[in-house]
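What follows is a single structure, written as structure tokens, with notes after it.
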Amino acid sequence: MSEVAQRQDLRLWLGLVVHQCVPGARSVLFAQPAEPSDDDILARFSDEASSDVLDIVGVFDLSHACSVDSPSNEALERYLQSILSSREVASTPVVQQNPSMFDTMIPWCINRSPVGPKSQ
0 MSEVAQRQDL RLWLGLVVHQ CVPGARSVLF AQPAEPSDDD ILARFSDEAS
50 SDVLDIVGVF DLSHACSVDS PSNEALERYL QSILSSREVA STPVVQQNPS
100 MFDTMIPWCI NRSPVGPKSQ
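Numbering (numbering that gives the first Met the number 0), first residue to last: 0 to 119.
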């Protein structure tokens, strides 16, 4: 199969995972033709927690959502454009920081306050 054909078959998948003890949900993205398996999704968290304390909330085909819902498609296009334009403007490389996925001092979602002791 040619590289162009493989790109046309590519779909964007979103997996949502929750930890049984830590509040909030985490998401993972996959770019592949078929839906990722539960093992594929849980493997992305293998450094952070064992699969017996994780639950998969859902797997969503974002490619399909964008093909049937024009506001979703427009949102994705705007997001991709902003990433591309910000990378062109950036003069220094971005240093990626990967905190522990289940670190209780780091909030799981933006709207939650950190779990843990308060600073005095």
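We put the CB at the ideal spot given by N, CA and C, even for glycine.
N-terminal and C-terminal residue of the beta strand (DSSP E) that residue i is part of
| i | result |
| --- | --- |
| VAL27 | 24 to 31 |
| ASP60 | 53 to 60 |
Residue j beta carbon less than 8 Å from that of residue i
| i | j | result |
| --- | --- | --- |
| ASP60 | ARG10 | yes |
| SER26 | LEU41 | no |
| PRO35 | ASP8 | no |
Selection from the options that minimises the alpha carbon distance to residue i
| i | options | result |
| --- | --- | --- |
| GLY23 | GLN7, ILE55, GLU34, SER81 | ILE55 |
| ASP51 | GLU76, ASP37, TYR78 | ASP37 |
Close-in-space but distant-in-sequence residues of the same chain around residue i (CB under 6 Å, 5 per side omitted)
| i | result |
| --- | --- |
| ASN110 | At ASN110, the pLDDT of 46 sits below 50, so the modelled position is not reliable; the number obtained from the coordinates is stated separately. So no residue of the chain qualifies. |
| SER71 | ALA64, CYS65 |
| SER62 | ARG10, LEU11 |
Simplified DSSP state of residue i, which is helix, strand or coil
| i | result |
| --- | --- |
| ARG10 | strand |
| VAL16 | strand |
| PRO70 | helix |
| ALA64 | helix |
Neighbourhood of residue i by C-beta distance below 8 Å, restricted to the same chain and skipping five residues each side
| i | result |
| --- | --- |
| ALA30 | LEU9, ARG10, LEU11, TRP12 |
| LEU53 | VAL16, VAL17, HIS18, GLN19, LEU41, PHE44 |
Same chain only: Cβ atoms within 7 Å of residue i, ignoring 5 sequence neighbours per side
| i | result |
| --- | --- |
| TYR78 | none |
Residue i at chain C interface by Cβ criterion, 8 Å
| i | result |
| --- | --- |
| PHE44 | Absent from the structure is chain C; it holds one protein chain and no more. |
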